[in-house]
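Take a look at the structure set out below.
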Amino acid sequence: MLTAPNKDKRPMFQAKDMENFYLEHCPKIFPQKSRNNFIDSITNFFGAVLGPKYNGKYLHELTNQLLGDLTIKETLANVIIPAFDIKLLQPVIFSTDDAKVDALKNARLADICISTSAAPTFFPPHSFTTKDDQRTRTFELIDGGVAASNPTSLAISHIRKEILMENPLFSDAKLTESKSMLVLSLGTGTSKFEEKYRAATASKWGLINWVFDNGKTPLLDIFSDASSDLVDFHVSTLFQSLLHSKDYYLRIQVDNLTGDESSVDIATKENLQRLVDIGNELLEKPVSRVNLDNGRFETIPGAPTNEAALAEFARLLSEERKLRQININ
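Per UniProt numbering: the sequence shown = residues 1 to 329.
Below, the structure is given as C-alpha coordinates:
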(Lines of atoms letter the chains of each structure in order from A and count residues from 1; the text may use other names and numbers.)
(Lines give C-alpha, C1' and ligand atoms only; values in the text may rest on other atoms or scores of the structure.)
Protein backbone atom coordinates (compact mmCIF):
# COMPACT_ATOMS: atom_id res chain seq x y z
CA MET A 1 0.00 0.00 0.00
CA LEU A 2 2.83 2.40 0.82
CA THR A 3 4.67 1.64 -2.41
CA ALA A 4 1.69 1.51 -4.78
CA PRO A 5 1.60 4.57 -7.08
CA ASN A 6 -1.36 6.88 -7.47
CA LYS A 7 -2.24 8.59 -10.77
CA ASP A 8 0.51 11.15 -10.11
CA LYS A 9 3.12 8.42 -9.57
CA ARG A 10 3.31 9.27 -5.90
CA PRO A 11 2.63 6.85 -2.99
CA MET A 12 -1.05 5.99 -2.73
CA PHE A 13 -0.77 6.17 1.07
CA GLN A 14 1.67 7.68 3.53
CA ALA A 15 2.68 5.91 6.72
CA LYS A 16 0.69 8.42 8.78
CA ASP A 17 -2.49 7.37 6.93
CA MET A 18 -2.30 3.72 7.95
CA GLU A 19 -3.67 4.07 11.48
CA ASN A 20 -6.98 5.48 10.27
CA PHE A 21 -7.02 2.99 7.39
CA TYR A 22 -6.87 0.07 9.81
CA LEU A 23 -9.36 1.60 12.24
CA GLU A 24 -11.83 2.11 9.41
CA HIS A 25 -11.48 -1.14 7.50
CA CYS A 26 -10.45 -3.85 10.00
CA PRO A 27 -13.93 -4.16 11.55
CA LYS A 28 -15.31 -4.82 8.04
CA ILE A 29 -12.56 -7.24 7.08
CA PHE A 30 -12.98 -9.11 10.39
CA PRO A 31 -16.69 -8.69 11.25
CA GLN A 32 -17.17 -9.61 14.88
CA LYS A 33 -19.70 -12.16 16.04
CA SER A 34 -20.99 -12.51 19.56
CA ARG A 35 -18.80 -14.57 21.86
CA ASN A 36 -21.23 -14.44 24.78
CA ASN A 37 -24.27 -16.18 23.35
CA PHE A 38 -24.12 -20.00 23.62
CA ILE A 39 -25.83 -20.63 20.28
CA ASP A 40 -23.56 -18.13 18.51
CA SER A 41 -20.52 -19.80 20.08
CA ILE A 42 -21.60 -23.22 18.77
CA THR A 43 -22.28 -21.75 15.33
CA ASN A 44 -18.87 -20.05 15.28
CA PHE A 45 -17.16 -23.31 16.26
CA PHE A 46 -18.72 -25.42 13.52
CA GLY A 47 -18.23 -22.59 11.03
CA ALA A 48 -14.51 -22.54 11.83
CA VAL A 49 -14.24 -26.33 11.53
CA LEU A 50 -16.14 -26.57 8.25
CA GLY A 51 -14.73 -23.55 6.42
CA PRO A 52 -12.71 -20.33 6.71
CA LYS A 53 -13.74 -18.00 9.51
CA TYR A 54 -14.24 -15.10 7.06
CA ASN A 55 -15.27 -15.15 3.41
CA GLY A 56 -12.83 -12.37 2.49
CA LYS A 57 -15.41 -10.58 0.33
CA TYR A 58 -14.83 -7.12 1.76
CA LEU A 59 -11.03 -7.59 1.75
CA HIS A 60 -11.11 -8.63 -1.91
CA GLU A 61 -13.38 -5.76 -2.93
CA LEU A 62 -11.34 -3.16 -1.07
CA THR A 63 -8.01 -4.43 -2.40
CA ASN A 64 -9.23 -4.54 -5.99
CA GLN A 65 -10.81 -1.11 -5.67
CA LEU A 66 -7.60 0.48 -4.36
CA LEU A 67 -5.03 -1.30 -6.52
CA GLY A 68 -6.96 -2.03 -9.70
CA ASP A 69 -4.71 -3.45 -12.42
CA LEU A 70 -1.42 -2.18 -10.99
CA THR A 71 1.25 -4.86 -11.16
CA ILE A 72 4.16 -5.46 -8.83
CA LYS A 73 6.76 -4.14 -11.27
CA GLU A 74 5.08 -0.71 -10.98
CA THR A 75 5.78 -0.25 -7.27
CA LEU A 76 7.62 2.95 -6.37
CA ALA A 77 10.18 1.04 -4.30
CA ASN A 78 11.44 -2.50 -4.63
CA VAL A 79 9.24 -4.88 -2.61
CA ILE A 80 9.38 -8.58 -1.78
CA ILE A 81 6.13 -10.37 -0.88
CA PRO A 82 5.99 -14.07 0.07
CA ALA A 83 3.10 -16.43 -0.54
CA PHE A 84 2.75 -20.22 -0.49
CA ASP A 85 1.48 -22.36 -3.37
CA ILE A 86 -0.66 -25.18 -1.95
CA LYS A 87 -0.74 -26.99 -5.31
CA LEU A 88 3.05 -27.22 -5.58
CA LEU A 89 3.68 -27.12 -1.81
CA GLN A 90 6.39 -24.50 -2.14
CA PRO A 91 6.89 -20.82 -1.32
CA VAL A 92 6.39 -18.25 -4.06
CA ILE A 93 8.32 -15.00 -3.73
CA PHE A 94 7.05 -12.00 -5.68
CA SER A 95 9.42 -9.08 -6.09
CA THR A 96 9.65 -5.90 -8.13
CA ASP A 97 13.05 -6.91 -9.50
CA ASP A 98 11.89 -10.36 -10.66
CA ALA A 99 8.71 -8.94 -12.20
CA LYS A 100 10.73 -6.60 -14.41
CA VAL A 101 12.45 -9.53 -16.11
CA ASP A 102 9.76 -12.26 -15.91
CA ALA A 103 6.21 -11.43 -17.00
CA LEU A 104 4.90 -14.59 -15.34
CA LYS A 105 5.96 -13.15 -11.96
CA ASN A 106 4.49 -9.71 -12.76
CA ALA A 107 1.14 -10.35 -11.09
CA ARG A 108 -1.43 -7.76 -10.14
CA LEU A 109 -0.68 -6.22 -6.77
CA ALA A 110 -4.27 -6.89 -5.75
CA ASP A 111 -3.88 -10.64 -6.40
CA ILE A 112 -0.58 -10.75 -4.50
CA CYS A 113 -1.98 -8.84 -1.51
CA ILE A 114 -5.10 -11.02 -1.34
CA SER A 115 -2.94 -14.15 -1.54
CA THR A 116 -0.46 -13.17 1.16
CA SER A 117 -3.42 -12.25 3.42
CA ALA A 118 -5.10 -15.64 3.00
CA ALA A 119 -4.16 -17.10 6.36
CA PRO A 120 -5.42 -20.69 6.69
CA THR A 121 -8.64 -21.00 8.75
CA PHE A 122 -9.22 -17.24 8.48
CA PHE A 123 -9.56 -16.60 4.71
CA PRO A 124 -9.95 -18.83 1.65
CA PRO A 125 -6.97 -19.46 -0.64
CA HIS A 126 -6.66 -17.29 -3.74
CA SER A 127 -6.13 -18.42 -7.33
CA PHE A 128 -5.07 -16.35 -10.33
CA THR A 129 -3.19 -16.68 -13.62
CA THR A 130 -0.42 -14.65 -15.22
CA LYS A 131 0.77 -14.83 -18.81
CA ASP A 132 3.44 -13.67 -21.21
CA ASP A 133 3.51 -13.87 -25.02
CA GLN A 134 3.63 -17.65 -25.06
CA ARG A 135 3.00 -19.09 -21.61
CA THR A 136 0.62 -18.96 -18.69
CA ARG A 137 1.14 -19.72 -15.01
CA THR A 138 -1.57 -20.43 -12.46
CA PHE A 139 -1.00 -19.74 -8.77
CA GLU A 140 -2.96 -21.41 -5.94
CA LEU A 141 -1.86 -19.38 -2.94
CA ILE A 142 -2.21 -18.87 0.79
CA ASP A 143 -0.50 -16.57 3.28
CA GLY A 144 3.28 -16.60 2.87
CA GLY A 145 3.52 -16.47 6.66
CA VAL A 146 3.23 -20.27 6.77
CA ALA A 147 6.78 -20.33 5.38
CA ALA A 148 8.08 -16.86 6.24
CA SER A 149 6.12 -15.19 9.03
CA ASN A 150 9.18 -12.99 9.53
CA PRO A 151 10.34 -12.05 6.00
CA THR A 152 13.57 -10.36 7.13
CA SER A 153 15.76 -13.21 5.89
CA LEU A 154 14.01 -13.07 2.51
CA ALA A 155 14.89 -9.39 2.16
CA ILE A 156 18.52 -10.01 3.09
CA SER A 157 18.79 -12.98 0.72
CA HIS A 158 17.23 -10.94 -2.09
CA ILE A 159 19.76 -8.14 -1.66
CA ARG A 160 22.65 -10.62 -1.59
CA LYS A 161 21.31 -12.20 -4.78
CA GLU A 162 21.17 -8.79 -6.48
CA ILE A 163 24.77 -8.11 -5.41
CA LEU A 164 25.85 -11.44 -6.91
CA MET A 165 24.02 -10.53 -10.14
CA GLU A 166 25.91 -7.20 -10.15
CA ASN A 167 22.80 -5.05 -9.97
CA PRO A 168 24.13 -1.46 -10.38
CA LEU A 169 21.96 -0.29 -7.47
CA PHE A 170 24.21 -2.34 -5.17
CA SER A 171 27.53 -1.68 -6.86
CA ASP A 172 29.16 -0.49 -3.61
CA ALA A 173 27.77 -3.28 -1.43
CA LYS A 174 29.88 -6.24 -0.31
CA LEU A 175 28.54 -9.69 0.51
CA THR A 176 30.90 -10.05 3.47
CA GLU A 177 29.84 -6.80 5.19
CA SER A 178 26.56 -6.50 7.09
CA LYS A 179 27.24 -2.76 7.20
CA SER A 180 26.23 -2.75 3.54
CA MET A 181 22.65 -3.14 4.76
CA LEU A 182 20.30 -1.35 7.12
CA VAL A 183 17.66 -3.81 8.26
CA LEU A 184 14.45 -2.61 9.91
CA SER A 185 12.19 -5.41 11.11
CA LEU A 186 8.76 -4.47 12.47
CA GLY A 187 7.02 -7.16 14.51
CA THR A 188 3.28 -7.47 14.96
CA GLY A 189 3.48 -8.40 18.64
CA THR A 190 3.63 -11.69 20.53
CA SER A 191 2.49 -13.03 23.88
CA LYS A 192 5.65 -14.68 25.21
CA PHE A 193 4.72 -13.99 28.83
CA GLU A 194 1.20 -15.41 28.56
CA GLU A 195 2.35 -19.05 28.35
CA LYS A 196 -0.59 -20.14 26.19
CA TYR A 197 -0.34 -23.92 26.06
CA ARG A 198 0.87 -26.68 28.38
CA ALA A 199 1.87 -30.25 27.65
CA ALA A 200 -0.63 -31.67 30.15
CA THR A 201 -3.48 -30.08 28.21
CA ALA A 202 -2.13 -30.58 24.69
CA SER A 203 -1.44 -34.27 25.34
CA LYS A 204 -5.22 -34.83 25.26
CA TRP A 205 -5.78 -32.96 22.00
CA GLY A 206 -6.81 -34.58 18.75
CA LEU A 207 -6.64 -33.16 15.24
CA ILE A 208 -9.44 -30.63 15.75
CA ASN A 209 -7.98 -29.20 18.96
CA TRP A 210 -4.56 -28.67 17.40
CA VAL A 211 -6.17 -26.74 14.56
CA PHE A 212 -8.86 -24.94 16.53
CA ASP A 213 -9.13 -24.81 20.31
CA ASN A 214 -11.30 -22.40 22.30
CA GLY A 215 -11.21 -19.71 19.63
CA LYS A 216 -7.45 -20.08 19.08
CA THR A 217 -5.38 -21.86 16.42
CA PRO A 218 -2.56 -23.63 18.30
CA LEU A 219 -0.82 -25.26 15.34
CA LEU A 220 -0.75 -22.03 13.34
CA ASP A 221 0.43 -20.06 16.38
CA ILE A 222 3.28 -22.51 16.99
CA PHE A 223 4.47 -22.63 13.38
CA SER A 224 4.22 -18.86 12.99
CA ASP A 225 6.04 -17.97 16.20
CA ALA A 226 8.72 -20.62 15.66
CA SER A 227 9.45 -19.40 12.13
CA SER A 228 9.53 -15.76 13.17
CA ASP A 229 11.74 -16.36 16.21
CA LEU A 230 14.26 -18.46 14.31
CA VAL A 231 14.69 -15.71 11.72
CA ASP A 232 15.15 -13.09 14.43
CA PHE A 233 17.71 -15.29 16.25
CA HIS A 234 19.62 -15.85 13.02
CA VAL A 235 19.66 -12.21 11.83
CA SER A 236 20.39 -10.84 15.30
CA THR A 237 23.29 -13.28 15.72
CA LEU A 238 24.61 -12.37 12.28
CA PHE A 239 24.70 -8.65 13.00
CA GLN A 240 25.88 -9.00 16.61
CA SER A 241 28.76 -11.25 15.56
CA LEU A 242 30.16 -8.84 12.98
CA LEU A 243 32.27 -5.93 14.22
CA HIS A 244 30.44 -2.60 14.36
CA SER A 245 27.34 -4.05 12.67
CA LYS A 246 24.90 -4.69 15.52
CA ASP A 247 23.32 -1.23 15.19
CA TYR A 248 22.55 -1.88 11.53
CA TYR A 249 19.76 -4.28 12.49
CA LEU A 250 16.76 -2.79 14.30
CA ARG A 251 13.97 -5.10 15.41
CA ILE A 252 10.96 -3.36 16.97
CA GLN A 253 8.71 -5.85 18.70
CA VAL A 254 6.50 -6.12 21.77
CA ASP A 255 6.38 -9.55 23.38
CA ASN A 256 4.07 -9.05 26.37
CA LEU A 257 0.67 -8.86 24.69
CA THR A 258 -2.19 -10.52 26.55
CA GLY A 259 -5.73 -11.63 25.78
CA ASP A 260 -7.42 -9.95 22.82
CA GLU A 261 -4.31 -7.85 22.15
CA SER A 262 -2.49 -10.90 20.76
CA SER A 263 -5.35 -12.07 18.55
CA VAL A 264 -5.21 -11.99 14.77
CA ASP A 265 -8.77 -10.87 14.18
CA ILE A 266 -10.50 -9.32 17.21
CA ALA A 267 -11.20 -6.02 15.48
CA THR A 268 -13.42 -4.34 18.05
CA LYS A 269 -13.09 -0.59 18.43
CA GLU A 270 -11.68 -1.05 21.93
CA ASN A 271 -9.05 -3.61 20.93
CA LEU A 272 -7.90 -1.68 17.86
CA GLN A 273 -7.49 1.47 19.94
CA ARG A 274 -5.55 -0.51 22.53
CA LEU A 275 -3.18 -1.69 19.78
CA VAL A 276 -2.69 1.93 18.66
CA ASP A 277 -1.81 2.85 22.25
CA ILE A 278 0.63 -0.07 22.52
CA GLY A 279 2.33 1.05 19.30
CA ASN A 280 2.70 4.63 20.55
CA GLU A 281 4.07 3.40 23.88
CA LEU A 282 6.55 1.17 22.07
CA LEU A 283 7.98 4.17 20.21
CA GLU A 284 8.90 5.77 23.53
CA LYS A 285 10.63 2.67 24.90
CA PRO A 286 14.39 2.09 24.56
CA VAL A 287 15.62 -0.14 21.77
CA SER A 288 15.60 -3.80 22.77
CA ARG A 289 17.45 -6.78 21.43
CA VAL A 290 16.52 -10.44 21.60
CA ASN A 291 18.33 -12.41 24.29
CA LEU A 292 19.73 -15.38 22.41
CA ASP A 293 19.39 -17.60 25.49
CA ASN A 294 15.73 -17.08 26.41
CA GLY A 295 14.24 -15.53 23.26
CA ARG A 296 12.87 -12.48 25.07
CA PHE A 297 13.48 -8.86 24.21
CA GLU A 298 15.64 -7.00 26.71
CA THR A 299 16.42 -3.29 26.85
CA ILE A 300 19.91 -2.35 25.71
CA PRO A 301 21.61 -0.22 28.40
CA GLY A 302 22.05 3.36 27.20
CA ALA A 303 20.12 2.73 23.99
CA PRO A 304 17.97 5.46 22.39
CA THR A 305 14.21 5.12 22.08
CA ASN A 306 12.72 3.24 19.17
CA GLU A 307 11.48 6.57 17.81
CA ALA A 308 14.99 8.04 17.89
CA ALA A 309 16.45 4.90 16.29
CA LEU A 310 13.91 5.11 13.48
CA ALA A 311 14.80 8.76 12.92
CA GLU A 312 18.48 7.79 12.69
CA PHE A 313 17.67 5.07 10.16
CA ALA A 314 15.74 7.63 8.11
CA ARG A 315 18.71 10.03 8.22
CA LEU A 316 21.13 7.36 7.03
CA LEU A 317 18.81 6.31 4.23
CA SER A 318 18.35 9.91 3.13
CA GLU A 319 22.12 10.42 2.99
CA GLU A 320 22.53 7.20 1.01
CA ARG A 321 19.89 8.30 -1.50
CA LYS A 322 21.65 11.63 -2.02
CA LEU A 323 24.97 9.85 -2.65
CA ARG A 324 23.36 7.50 -5.15
CA GLN A 325 21.78 10.41 -7.02
CA ILE A 326 25.19 12.11 -7.23
CA ASN A 327 26.75 8.90 -8.58
CA ILE A 328 23.96 8.48 -11.14
CA ASN A 329 24.31 12.06 -12.34
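C-beta: ideal position from N, C-alpha, C; glycine also.
The model shown is predicted, which means the values in this text are computed figures rather than measured ones.
Please look up how many angstroms separate the CB atoms of residue i and residue j, rounded, as I've assumed it's under 8 angstroms.
{"i": "residue 331", "j": "ASP143", "result": "The requested residue 331 does not occur in the structure, where the chain is confined to residues 1 to 329."}
{"i": "SER185", "j": "ARG289", "result": "At roughly 12 angstroms, the Cβ-Cβ gap does not stay under 8 angstroms, so SER185 and ARG289 are not in contact."}
{"i": "ASP69", "j": "ARG108", "result": "6 angstroms"}
{"i": "ASN150", "j": "SER262", "result": "With 8 angstroms as the limit, ASN150 and SER262 do not qualify as a contact, their Cβ atoms being about 16 angstroms apart."}
{"i": "THR121", "j": "PRO168", "result": "At roughly 44 angstroms, the Cβ-Cβ gap does not stay under 8 angstroms, so THR121 and PRO168 are not in contact."}
{"i": "ASP255", "j": "ASN271", "result": "Incorrect: roughly 18 angstroms between the Cβ atoms, too far for contact."}
{"i": "TYR249", "j": "PHE233", "result": "With a Cβ gap of about 12 angstroms, TYR249 and PHE233 do not count as contacting."}
{"i": "GLU284", "j": "THR305", "result": "6 angstroms"}
{"i": "THR258", "j": "GLU320", "result": "39 angstroms between Cβ atoms; not a contact."}
Go to residue i, then tell me how far its beta strand (DSSP E) extends in each direction, as first and last residue.
{"i": "LYS131", "result": "126 to 131"}
{"i": "ARG251", "result": "249 to 252"}
{"i": "THR299", "result": "297 to 299"}
{"i": "LEU184", "result": "183 to 186"}
{"i": "VAL290", "result": "288 to 290"}
If you follow the alpha helix (DSSP H) that residue i is in, where does it begin and where does it stop?
{"i": "VAL211", "result": "207 to 211"}
{"i": "PHE239", "result": "218 to 241"}
{"i": "PHE21", "result": "18 to 29"}
{"i": "ASP277", "result": "269 to 284"}
{"i": "TYR58", "result": "57 to 67"}
{"i": "LEU164", "result": "152 to 164"}
{"i": "ALA200", "result": "199 to 202"}
Less than 7 angstroms between C-beta atoms, sequence neighbours within five positions excluded: which residues of the same chain meet that for residue i?
{"i": "THR152", "result": "VAL183, SER185, VAL231 and VAL235"}
{"i": "LEU76", "result": "THR3, PRO5 and PRO11"}
{"i": "PHE128", "result": "ALA107, ASP111 and PHE139"}
Which residues in the same chain have their Cβ closer than 6 angstroms to the Cβ of residue i, if we skip the five residues on either side of it in sequence?
{"i": "residue 340", "result": "Lying before the first or after the last residue shown, residue 340 is absent from the chain, which here runs from 1 to 329."}
{"i": "ALA303", "result": "PRO286 and VAL287"}
{"i": "ILE81", "result": "PHE94, ILE112 and THR116"}
{"i": "LEU23", "result": "LEU272"}
For residue i, I'd like the list of residues in its chain whose CB is within less than 8 angstroms of its CB, leaving aside the five on either flank, ordered along the chain.
{"i": "GLU166", "result": "none"}
{"i": "ASN291", "result": "PHE297 and GLU298"}
{"i": "LYS192", "result": "ASP255, ASN256, GLY295 and ARG296"}
{"i": "ASP85", "result": "PRO91, VAL92, PHE139, GLU140 and LEU141"}
Going by C-alpha to C-alpha distance, which of the options sits closest to residue i?
{"i": "LYS33", "options": "LEU207, THR268, ILE114 and PHE212", "result": "THR268"}
{"i": "LEU62", "options": "TYR54, ILE29, THR136 and LEU207", "result": "ILE29"}
{"i": "ASN55", "options": "ALA103, PRO125, PRO82 and ALA77", "result": "PRO125"}
{"i": "ALA103", "options": "LEU89, THR138 and PHE84", "result": "THR138"}
{"i": "THR190", "options": "ASP221, ASP213, PRO5 and SER157", "result": "ASP221"}
{"i": "HIS25", "options": "LEU59, LYS9 and GLN240", "result": "LEU59"}
{"i": "VAL146", "options": "ARG315, ALA119, LEU154 and ILE163", "result": "ALA119"}
{"i": "GLU307", "options": "LYS246, GLN253 and LEU67", "result": "GLN253"}
{"i": "ASP8", "options": "ASP17, PHE21, PRO31 and GLU74", "result": "GLU74"}
{"i": "MET181", "options": "THR201, LYS246, THR136 and ASN280", "result": "LYS246"}
{"i": "residue 409", "options": "GLN325, VAL276, THR305 and ALA314", "result": "Nothing in the structure corresponds to residue 409, since the chain is present only between 1 and 329."}
{"i": "residue 331", "options": "LEU310, GLY206, VAL264 and ASP229", "result": "Any property of residue 331 remains undetermined from this structure, which presents the chain solely from 1 to 329."}
{"i": "PRO218", "options": "LYS204, TYR197, THR237 and PHE233", "result": "TYR197"}
{"i": "GLY279", "options": "THR188, LYS105 and PHE21", "result": "THR188"}
{"i": "PRO27", "options": "GLN325, PHE13, ASN64 and ASP265", "result": "ASP265"}
For the region 83 to 149, list the alpha helix (DSSP H) runs that are entirely contained and at least 4 residues long, ordered along the chain. Counting only runs of 4 or more, we get 96 to 101, 109 to 116 and 145 to 148.
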